[in-house]
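Peer 1: Dropping the structure in here first, questions after.
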Amino acid sequence: MVGISGYFGNFLYQVAPFASGFTAHTLCSNLFIANRSFDEIHKHDLASIQQRLTQSRVEDNTVVTEFGFWPISYISKAVYRKGLGCSQLAGGAHHHITGPSSIERKLPSTPRPELRFPDVLIAEDIDKQKLQHAIDTAFTESEKNHEDQKNTRGVVILHKDRLIAERYAKGFSTSTPQNSWSMTKTATSALIGILVGDGKLNVKAPASIPEWQDPADKRSKVTTEHLLFMVSGLEFNEGYENDPISDVNKMLMNTRDITAFSASFPITAEPGSRWAYQTASSMLLGKVVRQTILNDEEYFQFPQTRLFNPIGARDSYYQADSASIFSGGAFLWATPRDWARIGLMYLNDGVYNGERILPEGWVTYSTTPTDASLEARAYGAQIWLNQPAADDWLPELPEDTYAAQGHYGQYMVVIPSLDLVVVRMGQTFNRAAFDLQEFMLDVIDALPEN
623 MVGISGYFGN FLYQVAPFAS GFTAHTLCSN LFIANRSFDE IHKHDLASIQ
673 QRLTQSRVED NTVVTEFGFW PISYISKAVY RKGLGCSQLA GGAHHHITGP
723 SSIERKLPST PRPELRFPDV LIAEDIDKQK LQHAIDTAFT ESEKNHEDQK
773 NTRGVVILHK DRLIAERYAK GFSTSTPQNS WSMTKTATSA LIGILVGDGK
823 LNVKAPASIP EWQDPADKRS KVTTEHLLFM VSGLEFNEGY ENDPISDVNK
873 MLMNTRDITA FSASFPITAE PGSRWAYQTA SSMLLGKVVR QTILNDEEYF
923 QFPQTRLFNP IGARDSYYQA DSASIFSGGA FLWATPRDWA RIGLMYLNDG
973 VYNGERILPE GWVTYSTTPT DASLEARAYG AQIWLNQPAA DDWLPELPED
1023 TYAAQGHYGQ YMVVIPSLDL VVVRMGQTFN RAAFDLQEFM LDVIDALPEN
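623 is the number of the first residue of the sequence shown in our numbering; add one for each residue after it.
And the structure:
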């Protein structure tokens, strides 16, 4: 019994920072970015173990969360800064925040009429009943426990540049940002592409990570392209609920300087030779963006002025860590509509409303898998691909399908051969509760054959 108790106690001691950090950041982001109520967030956005073992309070712009399971106690804090989102304070230390206390995003004074999101327009060649069935099924619940439910919160479907369907759950609207989780990676890839188009970044060159610049360091050979395609060779443990003390959980939930943490890992494979899905690579891409844009004003406005404003996305927010580096691999908050805009930009080869946002050829480059990824699951430049691989992802969908995908059931799916963009966002704790392929097949069934 002593051994079991000791093991259990040690496990809880390691889990405490993840549980308290996740809770604090989830509450903070939903409260201050999505403007949702504390009770709603606590009831629907936290797992039952977090609900039971944590206590949280709001102090001005800070959420303080304590994990308590006697004799273990751990306090995490998440601080909201306007324009920078919520930042984790590892161990709750206020003095660890560096950088501006807030920024004002440079939004157009009035929305550009030509970028206004269209009203729902269902053409005669769309089977309205089948489309309605697909949407109804995505929102219909059969389970009582919120951890077993679909918890779909928003669906947007574009076909041939037309909005053919849109629906939101109660409490959510067209302007309610939601946590994109790892869909953030695709947006970060777009930012890299914009810098490439500007002639400011060469993806074939070694990544500008300060900790890796010693030529004797094997990591000095890692290029930005290696990071984009997840073939850096880093030794990094990517696990979430199935491994609460994994590297990714430590990074996201208990680290003040996320990119420094990501840069601390060794490489155990020759860069380019091994594919492994690692959020650390995406966080390091965020650092590459920062190292490329050294001017503070330009850097903090870059996502808004160069990506979001040109596509009319007014409700998208990158969040920064406590070192004031935008998180490149998670925590972008955006509306389903804004993700549909990003999808439409990708569908049209980086062009939106006639304006080129991404350099010519970037989408083709991004949606071409590496040989290393095909030994597992097809993957491009921070985006999932449906091309044949050792582990086929969505075998019943067209092979040209590609998608941004995030934790808890976030999806932006693009199928060029069908001229289709589908966005689904939610809070799906149990991945089996929402079947993406089945949903997509229902949507496709409603489209005309040609």
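Here a beta-carbon is modelled for each residue, glycine too, at the ideal position from N, C-alpha and C.
Any idea which residues DSSP pairs Tyr974 with across the strands?
Peer 2: By one-based count along the sequence shown, residue 974 stands at place 352. Answer is Glu977.
Peer 1: Measuring only the C-alpha atoms, how far is Pro828 from Phe948?
Peer 2: Numbered from its first residue, the sequence shown carries residue 828 at position 206. Numbered from its first residue, the sequence shown carries residue 948 at position 326. Taking the straight line joining both Cα atoms gives about 21 Å.
Peer 1: Sorted by chain position, which residues of the same chain lie with C-beta nearer than 8 Å to Ala656's C-beta, five sequence neighbours on each side aside?
Peer 2: For the purposes of this step, residue 656 is taken as the residue at position 34 of the sequence shown. Correct list, in chain order: Thr798, Pro799, Gln800, Trp955.
Peer 1: How far does the beta strand (DSSP E) with Tyr1024 in it reach, from first residue to last?
Peer 2: Within the sequence shown, residue 1024 is the residue found at index 402, counting from 1. Run containing Tyr1024: 1024-1028, per the beta strand (DSSP E) assignment.
Peer 1: Give the DSSP-derived three-state secondary structure of His781 in the structure shown.
Peer 2: As a first step, residue 781 must be located in the sequence shown, where it is residue number 159. DSSP places His781 in strand when its eight states are reduced to three.
Peer 1: Is it buried or exposed for Glu919, if we count other Cβ within 10 angstroms and need 16 for buried?
Peer 2: Residue numbering aside, residue 919 sits at position 297 when the sequence shown is read from its first letter. That one is exposed.
Peer 1: Run through DSSP, which three-state label would Val624 get?
Peer 2: What you label residue 624 is simply residue 2 of the sequence shown in a count that begins at 1. Confidence at Val624 is low in this model, with a pLDDT of 43, below 50, so its placement is unreliable and the value that follows should be read with caution. It is helical.
Peer 1: Is it buried or exposed for Met623, if we count other Cβ within 10 angstroms and need 16 for buried?
Peer 2: Taking the first residue of the sequence shown as 1, we reach residue 623 at position 1. Any reading at Met623 must be qualified, since the residue scores a pLDDT of 38, below 50, and its modelled position is unreliable; the value itself is stated next. That one is exposed.
Peer 1: Determine which residues share a DSSP beta bridge with Phe948 and list them.
Peer 2: The residue you call residue 948 lines up with position 326 of the sequence shown. Note: Phe948 sits in a beta bridge opposite Ala942.
Peer 1: How big is the Cα-Cα spacing for Asp1073 and Ser938?
Peer 2: With the chain covering 623 to 1072 only, the question about residue 1073 has no answer from this structure.
Peer 1: What residue does the beta strand (DSSP E) around Met1117 start on, and which one ends it?
Peer 2: No answer is possible for residue 1117: it lies beyond the span of the chain, which begins at 623 and ends at 1072.
Peer 1: What are the start and end residues of each continuous beta strand (DSSP E) run of 3 or more residues lying completely inside the segment 680-717, in chain order?
Peer 2: 684-691, 694-703, 707-711
Peer 1: DSSP on Arg959, reduced to helix/strand/coil?
Peer 2: For the purposes of this step, residue 959 is taken as residue 337 along the sequence shown, with counting starting at 1. Looking at Arg959 - three-state DSSP - the assignment turns out to be helix.
Peer 1: Could you please give me the residues that DSSP links to Ala787 through a beta bridge?
Peer 2: As a first step, residue 787 is located in the sequence shown; it is residue number 165 there, counting from the start. Answer is Ile779.
Peer 1: Secondary structure at Ser670, three-state DSSP: helix, strand or coil?
Peer 2: For this step, residue 670 is matched to residue 48 along the sequence shown. Helix.
Peer 1: Which stretch, first to last residue, makes up the alpha helix (DSSP H) that contains Gln751?
Peer 2: Within the sequence shown, numbered from 1, the residue matching residue 751 stands at position 129. Start and end: 750-761.
Peer 1: List the whole-angstrom C-beta distance separating Leu823 from Thr914, where the pair is believed to meet the contact cut-off of C-beta under 8 Å.
Peer 2: Along the sequence shown, read from residue 1 onward, the residue named residue 823 stands at position 201. Along the sequence shown, read from residue 1 onward, the residue named residue 914 stands at position 292. Confirmed, about 5 Å.
Peer 1: Ala952 and Asp756 - do their beta-carbons sit closer together than 8 Å?
Peer 2: Taking the first residue of the sequence shown as 1, we reach residue 756 at position 134. Taking the first residue of the sequence shown as 1, we reach residue 952 at position 330. Here the sequence assigns Ala to residue 756, which means Asp is not the residue at that position. The answer is no: Cβ separation not under 8 Å.
Peer 1: Going along the chain, which residues of its own chain have a beta-carbon closer than 8 Å to the beta-carbon of Ser1039, five neighbours each way excluded?
Peer 2: In the sequence shown, residue 1039 corresponds to position 417, counting from 1. Taken in chain order, the residues that qualify are Pro1020, Asp1022.
Peer 1: Under the DSSP definition of a beta bridge, which residues are partnered with Trp1006?
Peer 2: Looking up residue 1006 in the sequence shown gives position 384. DSSP output for Trp1006 lists Tyr1001, Ala1025 as bridge partner(s).
Peer 1: Grab the span of the beta strand (DSSP E) containing Ile880 for me, first residue to last.
Peer 2: By one-based count along the sequence shown, residue 880 stands at place 258. From DSSP, Ile880 is part of no beta strand (DSSP E) but of the alpha helix (DSSP H) over 880-885.
Peer 1: Since Tyr1033 sits in a beta bridge, which residues does DSSP pair it with?
Peer 2: Translated into positions along the sequence shown, residue 1033 becomes position 411. For Tyr1033, the beta-bridge partners assigned by DSSP are Gln1027, Arg1046.
Peer 1: Going residue by residue through the segment 885-939, where are the continuous beta strand (DSSP E) segments of at least 3 residues, counting only ones entirely within it?
Peer 2: List check, beta strand (DSSP E) in window: nothing returned.
Peer 1: Could you check where the alpha helix (DSSP H) with His848 kicks off and where it finishes?
Peer 2: As a first step, residue 848 is located in the sequence shown; it is residue number 226 there, counting from the start. Looking at the DSSP string, the run of the alpha helix (DSSP H) that includes His848 is 846-850.
Peer 1: Is the CB-CB distance between Arg789 and Leu743 below 8 Å?
Peer 2: Stepping through the sequence shown from its first residue, residue 789 is reached at position 167. Stepping through the sequence shown from its first residue, residue 743 is reached at position 121. No, these two residues do not count as a Cβ contact at 8 Å.
Peer 1: Residues in its own chain within less than 7 Å of Ile626 by CB, not counting five upstream and five downstream?
Peer 2: Residue mapping note: residue 626 aligns to position 4 of the sequence shown, counting from 1. Residue placement at Ile626 is flagged as unreliable, the pLDDT there being 47, under the threshold of 50; a coordinate-derived value is accordingly withheld.
Peer 1: Need the endpoints of the alpha helix (DSSP H) that Val818 sits in, please.
Peer 2: Taking the sequence shown and counting its residues from 1, one reaches residue 818 at position 196. Start and end: 806-819.
Peer 1: Just verifying my parser: in three-state terms, what is the DSSP assignment at Thr645?
Peer 2: Numbered from its first residue, the sequence shown carries residue 645 at position 23. Here Thr645 sits in helix by DSSP.
Peer 1: Check Leu743 in the structure and name its three-state DSSP category.
Peer 2: Sequence index remark: in the sequence shown, residue 743 carries index 121 (1-based). DSSP places Leu743 in coil when its eight states are reduced to three.
Peer 1: Taking the alpha carbon of Ile725 as the reference point, which residue from Leu706, Gly821, Ile816, Ala791 has its own alpha carbon closest?
Peer 2: As a working mapping, residue 725 is identified with position 103 in the sequence shown. With distances taken between Cα atoms, Ile725 lies closest to Leu706.
Peer 1: Rounded to whole angstroms, what is the Cα-Cα separation between Leu1042 and Leu1058?
Peer 2: The count along the sequence shown starts at 1 and reaches residue 1042 at position 420. The count along the sequence shown starts at 1 and reaches residue 1058 at position 436. Taking the straight line from one Cα to the other gives about 15 Å.
Peer 1: For Leu1007 and Tyr1033, which I take to be in contact (beta-carbon distance under 8 Å), what is that distance rounded to the nearest angstrom?
Peer 2: Taking the first residue of the sequence shown as 1, we reach residue 1007 at position 385. Taking the first residue of the sequence shown as 1, we reach residue 1033 at position 411. Taking 8 Å as the upper bound for CB-CB distance, Leu1007 and Tyr1033 are not in contact here, some 14 Å apart.
Peer 1: So, is Leu916 buried or exposed, given that buried needs 16 or more other C-beta atoms within 10 angstroms?
Peer 2: Locating residue 916 in the sequence shown gives position 294, where the first residue counts as 1. Leu916 sits exposed, since fewer than 16 C-beta atoms from the chains shown fall within 10 Å of its C-beta.
Peer 1: Answer yes or no: do Leu966 and Gly815 have a C-beta to C-beta separation smaller than 8 Å?
Peer 2: By 1-based counting over the sequence shown, the position of residue 966 is 344. By 1-based counting over the sequence shown, the position of residue 815 is 193. For the pair Leu966 and Gly815, the CB atoms are not nearer than the 8 Å cut-off.
Peer 1: Going by alpha carbons, who is nearest to Arg738 out of Arg963, Trp1015, Gln1049, Gly1002?
Peer 2: Taking the first residue of the sequence shown as position 1, residue 738 is located at position 116. Among Arg963, Trp1015, Gln1049, Gly1002, the Cα nearest to that of Arg738 belongs to Arg963.
Peer 1: When DSSP labels each residue in this structure, what does Ser659 get in the three-state scheme?
Peer 2: Mapped onto the sequence shown, residue 659 falls at position 37. Ser659 falls in the coil class under three-state DSSP.
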